[in-house]
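**Student:** Sharing a structure below in structure tokens format, with a few things to ask.
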Amino acid sequence: MLKPEGIEVTLDVAYSPICEGNQYAPILSFKTIDNRSYYYHLSELDYQYYFDYTGTRNTLNCRLANVLKLILNSLRYWILDMHIDDFRFDLAATLVHEFHALDHLNHAVFDRIHQDSVIYCVKLLVEL
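Dropping the structure here:
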């Protein structure tokens, strides 16, 4: 029981990388739901091959509404149901980079967090 002792609980979250890997890895999660709606792909004509900006063979595409929803809903769950105080985002840079335009940042994830009345109240730590 950490809370009664006044100890804050920080959860390390990793939204990229995902355990599924690339085109050679087993289908475990988002590939079965809707492959093209979760990952960055090398080509918009062939959704078999993935951009790998994490070193783990795939990268979630945080520009997509369903990916944003997944991230925000999971953070809310950890806060409201599991009483997590803070989050540390592993490979946070992969959540904001527009990989097709390396000089442009997509702040959708953190903009939405800033606007969310539940998530906004916790500490966010990032690994770049």
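For the sequence shown, the tail end lands on 134 under the numbering used here, and the numbers increase by one without skipping. Just so it is clear, CB atoms sit at the ideal spot from N, CA and C, and this is done for glycine as well. Given the structure is predicted, the values throughout are model-derived calculations rather than measurements.
Using CA coordinates, which residue listed in Ser49, Tyr21, Leu81 and Cys25 is at the minimum distance from Cys68?
**Tutor:** Comparing Cα positions, the closest option is Tyr21.
**Student:** Could you check the C-alpha separation between Leu74 and Ala114 for me, to the nearest Å?
**Tutor:** The alpha-carbon atoms of Leu74 and Ala114 are separated by roughly 8 Å.
**Student:** Pull up the distance between the alpha-carbon of Pro127 and that of Asn79, whole angstroms please.
**Tutor:** Here the sequence assigns Cys to residue 127, which means Pro is not the residue at that position. Each residue's alpha carbon lies about 15 Å from the other.
**Student:** Report all residues from its chain with a CB closer than 6 Å to the CB of Leu131; omit the five preceding and five following residues, and keep chain order.
**Tutor:** Only Arg94 meet the Cβ criterion.
**Student:** Between Arg42, Tyr59 and Asp58, which has its C-alpha nearest Leu51's C-alpha?
**Tutor:** Measuring from the Cα of Leu51, the nearest candidate turns out to be Arg42.
**Student:** Can you give me the start and stop residues for the beta strand (DSSP E) that Val19 sits inside?
**Tutor:** Note, Val19: beta strand (DSSP E), Thr16 to Val19.
**Student:** Please identify the residue among Asp122, Leu81, Thr100 and Val102 whose C-alpha is closest to the C-alpha of Asp18.
**Tutor:** Among Asp122, Leu81, Thr100 and Val102, the Cα nearest to that of Asp18 belongs to Leu81.
**Student:** How would you label Glu133, buried or exposed, when you count the other beta carbons within 10 angstroms and need 16 or more for buried?
**Tutor:** Exposed: under 16 other Cβ atoms inside 10 Å.
**Student:** Between which two residues does the alpha helix (DSSP H) holding Phe36 run?
**Tutor:** Where Phe36 is concerned, the enclosing alpha helix (DSSP H) stretches over Phe36 to Asp40.
**Student:** Just to check my reading of the structure: Tyr59 and Thr100 have Cβ atoms closer than 8 Å, yes? What is that Cβ distance to the nearest angstrom?
**Tutor:** About 5 Å separates the two Cβ atoms, so the contact holds.
**Student:** At the level of alpha carbons, what is the spacing between Arg5 and Val102?
**Tutor:** An answer regarding residue 5 cannot be provided, because it is not within the stretch 7 to 134 covered by the chain.
**Student:** Around the C-beta of His89, are 16 or more other C-beta atoms found within 10 angstroms, so that it is buried, or is it exposed?
**Tutor:** Answer is exposed; the Cβ neighbour count stays below 16.
**Student:** How long is the line joining the alpha carbons of Asp109 and Lys129, rounded to whole angstroms?
**Tutor:** Note on Asp109: pLDDT 48, under 50, position unreliable in the model; the coordinate value appears next. Taking the straight line from one Cα to the other gives about 27 Å.
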